[in-house]
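K.L.:
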Amino acid sequence: DVAEQLTPVLLSDPREESLQLVSKLKDSSSSCAVDVSTVWWEAAGSRELSVVTACESSVSLWKPLASDCWAKVYTWQLGEIPVIQIVALPDACNLVCIALGDLEIGEIRLLFYSSENDSFKQSLVKTGNIKAVLGLKDRRLVSSSRTVQEQQVEVLSLSETGRSKDGQTLMAPEETVLAFAEVEDMRDALVGTTVVNSIVIWNVKTGQLLKKMHVGYPYPASICHRAYADSGLLFVVLSHPHAKESESCGNPAFRVIAFNPKTARSTGVMFSSLPPGHSGRQYLEGDVKDTSAAAVLTSGAIAVWDLQLGHCTALLPPGPDGSWALTRWATSSACLLAGQRDGTVCLYRY
Amino acid sequence: CSESDLGPISLNWFEELSAEAPP
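Laid out in structure tokens, this is it:
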């Protein structure tokens, strides 16, 4: 594996200066932030990139004002089941999904604005023992769910007000799917990572499972974040939340692997290690957009990497108010969202 | 990545695998 022979290149002093604080959102009514995301929202004829924040019992929509300030537009109150994550639909406008559950996702809801009633609404999209969910382009949602006997992998189409009748069941692999990634610029291609470290490729249009390929890495349960095809190869960006430091690999947070889907052979292209001084267990959660990755480390800092260079390019230390809990890219990697447990969300220009 | 490491590469891998895979 080429990646494991490379010496990780790290900036000796990744600085906070490459992240410039633009604005700060503080939800005074939120006691425990669980996720943050961005969504396109149209109001009075203009489409704006808005911010969605979630705490356990409610989800709020924020719109931009002048001077980098933000105003809360609406708060959806949820029921007794806690919100676990926001599921953004990449190119949708005026709607966003959320996953709710206790230890695992038990239901997915759509939050939207109804112009008919001139009101904000919510509708139930799916229930079950849901292991993974991802919003796809063209208002589609893919999820893997388990019953005692079998796994179901399903792509749902969403209308502006809820689940539509069009859906596609995908052929499920034997092992549980943990994460999905759309293959960029290939509308019908979808990949997933499984609990035994396989990459699977589906044809979403036909539902066929096209290939299962082993990641070839000793750490289990890799998570796929991004996939793109180039020159007959499939490149997949993976993270390894459960990896431990080793002499041969360093302390890998993210890896880019090239697969030949025809032969299922693979080779490591680049890997991105933790910044110096961050050893042992590595990070809690992360996000990838374009060639940039960001993750919250167990130290409470946020690290940002350039995945093409394998460099850590910025490090945001824990603030005076406490550790960082969340980090997400906005619709482009030019803007990073960073959240603290008390509901404060900071927007950084990167 | 060289072809020898990864085996023969096809630019049409998605269409070819779709034609080969069970429906």
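Each protein sequence line maps, in turn, to chains D and P.
Here the first sequence is numbered in the working numbering, starting from -6 and rising by one per residue.
Here the second sequence is numbered in the working numbering, starting from 5 and rising by one per residue.
For glycine and all other residues, C-beta sits at the position ideal for the given N, C-alpha and C.
1. Is there a Cβ of chain P sitting closer than 7 Å to that of G160 (chain D), yes or no?
2. Of all the residues that make up the stretch 174 to 199 of chain D, which are near chain P by a beta-carbon distance shorter than 9 Å?
3. Looking only at DSSP bridge pairs, what is W34 (chain D) linked to?
4. Whose Cβ in chain P lies nearer than 8 Å to the Cβ of L202 (chain D)?
5. So which residues on chain P does G225 (chain D) lean against when the C-beta distance must stay under 7 Å?
6. What number of angstroms, rounded off, separates the C-alpha of S50 (chain D) from the C-alpha of K255 (chain D)?
7. By the three-class DSSP mapping on this structure, what secondary structure does A23 (chain P) have?
8. Answer with buried or exposed for S136 (chain D), where buried requires no fewer than 16 other C-beta atoms within 10 angstroms of its C-beta.
9. Contact defined as beta carbons within less than 8 Å: I believe L96 (chain D) pairs with C90 (chain D). What is the distance between those atoms, to the nearest angstrom?
10. Output the residue ranges of the beta strand (DSSP E) runs that lie fully inside the stretch 91 to 135 of chain D and measure 3 residues or longer, sorted by chain position.
11. Under three-state DSSP, which class holds S292 (chain D)?
12. Answer yes or no: do I77 (chain D) and S30 (chain D) have a C-beta to C-beta separation smaller than 7 Å?
13. Do D283 (chain D) and S232 (chain D) have their C-beta atoms closer together than 7 Å?
14. Classify D28 (chain D): buried if its beta carbon has 16 or more other beta carbons within 10 angstroms, exposed otherwise.
15. For T256 (chain D), would you say it is in contact with chain P, using Cβ-to-Cβ distances shorter than 7 Å as the test?
16. Assign W17 (chain P) to one of three DSSP states: helix, strand, or coil.
17. Which of the three DSSP states, helix, strand or coil, is assigned to S157 (chain D)?
18. Does T260 (chain D) come within less than 7 Å of chain P when only Cβ atoms are used?
19. For L151 (chain D), name the three-state secondary structure that DSSP assigns.
20. Given that a residue counts as buried once 16 or more other Cβ atoms are within 10 Å of its Cβ, and exposed if not, what is G38 (chain D)?
21. How would you call E24 (chain P), buried or exposed, if buried means at least 16 neighbouring beta carbons within 10 angstroms?
22. Near S5 (chain D), which residues of its chain fall below 8 Å by C-beta distance, leaving aside the five closest residues on each side in sequence?
23. Would you tell me roughly how many angstroms separate the C-alpha atoms of P1 (chain D) and Q144 (chain D), rounded to the nearest one?
24. Under 7 Å between C-beta atoms, does N110 (chain D) make it to chain P?
25. Please state the DSSP three-state secondary structure of S11 (chain D).
26. Would you identify the three-state DSSP class for D9 (chain P), choosing helix, strand or coil?
27. Contact criterion: CB-CB distance below 7 Å. Does N122 (chain D) meet it with respect to chain P?
28. T256 (chain D) by DSSP, collapsed to three states: which one?
29. Residues in the same chain with beta-carbon distance under 8 Å from H218 (chain D), minus the five sequence neighbours each way, listed in chain order, please.
30. Between the beta-carbon of P310 (chain D) and the beta-carbon of A331 (chain D), is there less than 7 Å?
31. On the DSSP letters alone, give me the boundaries of the beta strand (DSSP E) that L309 (chain D) sits inside.
32. Alpha carbon to alpha carbon, how far is S60 (chain D) from Q13 (chain D)?
33. Evaluate the contact criterion for the stretch 178 to 194 of chain D versus the stretch 302 to 322 of chain D: three or more CB pairs, one atom per stretch, below 8 Å.
34. Among D:I250, D:S16, D:K56, which residue has its Cα nearest to the Cα of K65 (chain D)?
P.N.:
Checking against the coordinates, here is how it stands:
1. Working through the first sequence from its first residue, we reach residue 160 (chain D) at position 167. Chain P, which has no Cβ nearer than 7 Å to the Cβ of G160 (chain D), makes this no.
2. V176, M179, D181, A182, I194, N196, K198, T199
3. Counting from one through the first sequence, the residue named residue 34 (chain D) turns up at place 41. W34 (chain D) is bridged to D:E41.
4. For the purposes of this step, residue 202 (chain D) is taken as residue 209 along the first sequence, with counting starting at 1. Per Cβ cutoff of 8 Å: A25.
5. Residue mapping note: residue 225 (chain D) aligns to position 232 of the first sequence, counting from 1. Ordered by position in chain P, the residues that pass the 7 Å Cβ test against G225 (chain D) are I13, S14, L15, W17.
6. The sequence position of residue 50 (chain D) within the first sequence is 57, counting from 1. The sequence position of residue 255 (chain D) within the first sequence is 262, counting from 1. In a straight line, the C-alpha of S50 (chain D) is about 46 Å away from that of K255 (chain D).
7. As a first step, residue 23 (chain P) must be located in the second sequence, where it is residue number 19. Of the three classes helix, strand and coil, the one that applies to A23 (chain P) here is helix, per DSSP.
8. The residue labelled residue 136 (chain D) in the question sits at position 143 within the first sequence. Per the 10 Å Cβ criterion, buried.
9. In the first sequence, counting from the first residue as 1, residue 96 (chain D) sits at position 103. In the first sequence, counting from the first residue as 1, residue 90 (chain D) sits at position 97. Rounded, the Cβ-Cβ distance is 20 Å, inconsistent with contact.
10. 98 to 107, 112 to 129
11. Against the first sequence, residue 292 (chain D) aligns to sequence position 299. In this structure, S292 (chain D) counts as coil in the three-state DSSP scheme.
12. Sequence index remark: in the first sequence, residue 77 (chain D) carries index 84 (1-based). Sequence index remark: in the first sequence, residue 30 (chain D) carries index 37 (1-based). No, these two residues do not count as a Cβ contact at 7 Å.
13. The residue labelled residue 283 (chain D) in the question sits at position 290 within the first sequence. The residue labelled residue 232 (chain D) in the question sits at position 239 within the first sequence. In this structure, S232 (chain D) does not lie closer than 7 Å to D283 (chain D) by Cβ.
14. In the first sequence, the residue the question calls residue 28 (chain D) occupies position 35. When all chains shown are included, D28 (chain D) counts as buried.
15. On the first sequence, position 263 is the one that residue 256 (chain D) refers to. So, interface residue.
16. To locate residue 17 (chain P), count along the second sequence from 1; it is residue 13. W17 (chain P): helix per DSSP, three-state reduction.
17. As a working mapping, residue 157 (chain D) is identified with position 164 in the first sequence. If DSSP states are grouped into helix, strand and coil, S157 (chain D) belongs with the strands.
18. Locating residue 260 (chain D) in the first sequence gives position 267, where the first residue counts as 1. Yes, contact with chain P.
19. Within the first sequence, residue 151 (chain D) is the residue found at index 158, counting from 1. Note: L151 (chain D) maps to strand in three-state DSSP.
20. By one-based count along the first sequence, residue 38 (chain D) stands at place 45. Exposed: under 16 other Cβ atoms inside 10 Å.
21. Within the second sequence, the letter at position 20 stands for residue 24 (chain P). It counts as exposed.
22. Along the first sequence, read from residue 1 onward, the residue named residue 5 (chain D) stands at position 12. Legend: pLDDT at S5 (chain D) = 47, less than 50; position of this residue unreliable, value from coordinates given subsequently. P269, listed in sequence order.
23. One-based indexing of the first sequence puts residue 1 (chain D) at position 8. One-based indexing of the first sequence puts residue 144 (chain D) at position 151. At P1 (chain D) the pLDDT is 39, less than 50, meaning the model places this residue with poor confidence and gives no usable figure here.
24. On the first sequence, residue 110 (chain D) is found 117 positions in, with the first residue counted as 1. No, because no Cβ of chain P sits closer than 7 Å to the Cβ of N110 (chain D).
25. Residue 11 (chain D) sits at position 18 when you count from the first residue of the first sequence. Helix.
26. Residue mapping note: residue 9 (chain P) aligns to position 5 of the second sequence, counting from 1. In this structure, D9 (chain P) counts as helix in the three-state DSSP scheme.
27. Counted from its first residue, the first sequence places residue 122 (chain D) at position 129. For N122 (chain D), the answer is no, since every Cβ of chain P falls outside 7 Å of its Cβ.
28. Residue mapping note: residue 256 (chain D) aligns to position 263 of the first sequence, counting from 1. Three-state result, T256 (chain D): coil.
29. If you number the first sequence from 1, residue 218 (chain D) lands on position 225. Closer than 8 Å at Cβ, skipping near neighbours: A172, A174, V230, L231, S232, F247, G279, D280, V281, A286.
30. By 1-based counting over the first sequence, the position of residue 310 (chain D) is 317. By 1-based counting over the first sequence, the position of residue 331 (chain D) is 338. Result no, Cβ atoms of P310 (chain D) and A331 (chain D) do not sit closer than 7 Å.
31. Within the first sequence, numbered from 1, the residue matching residue 309 (chain D) stands at position 316. Its beta strand (DSSP E) spans residues 304 to 309.
32. Within the first sequence, numbered from 1, the residue matching residue 60 (chain D) stands at position 67. Within the first sequence, numbered from 1, the residue matching residue 13 (chain D) stands at position 20. So the two alpha carbons sit approximately 15 Å from each other.
33. no
34. For this step, residue 65 (chain D) is matched to residue 72 along the first sequence. Residue D:K56 is the option with its Cα nearest to K65 (chain D).
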